[in-house]
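In the working numbering, the protein residues as written are 4 to 104.
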């Protein structure tokens, strides 16, 4: 179970996801968010401090329809990431989600 932000599963479009998946659906490694190589971009941690742009973890910054990242593959700018959906809200503690195994 996780509290507050979804740490290991996605709620809705994944805007609250703060897990550590760092590869795309096709297995490409994610580019560090504070890196401009190989892909230039404007989603830098300093400009989006609440978005969890640490390391090269998949995130939904910019309110996309899924969690995603820029890739380290020069021929593939960005891709979505495969992160499981959270289960239902815990009836005893509505700030927690049950995550399927």
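Just so it is clear, CB atoms sit at the ideal spot from N, CA and C, and this is done for glycine as well.
Per DSSP, residue i forms a beta bridge with which residues?
i, result
"residue 83", "71"
"residue 62", "71"
"residue 2", "With the chain running from 4 to 104 in the structure shown, residue 2 is simply not present."
"residue 26", "32"
CB-CB under 6 Å to residue i, same chain, minus the five flanking residues each way: which ones, in chain order?
i, result
"residue 22", "10, 11"
"residue 51", "64"
"residue 75", "32, 34"
Excluding sequence positions up to five away, which residues of its chain have a Cβ less than 7 Å from the Cβ of residue i?
i, result
"residue 40", "none"
"residue 24", "60, 61, 84, 86"
"residue 55", "21, 62"
Please look up how many angstroms separate the CB atoms of residue i and residue j, rounded, as I've assumed it's under 8 Å.
i, j, result
"residue 16", "residue 36", "The Cβ separation is near 18 Å, so there is no contact."
"residue 61", "residue 47", "With a Cβ gap of about 16 Å, residue 61 and residue 47 do not count as contacting."
Could you name the residues of the same chain whose beta carbon sits closer than 8 Å to that of residue i, not counting the 5 residues immediately before and after it, in chain order?
i, result
"residue 66", "16, 18"
Contact between the region 76-87 and the region 24-42 (3+ Cβ pairs under 8 Å): yes
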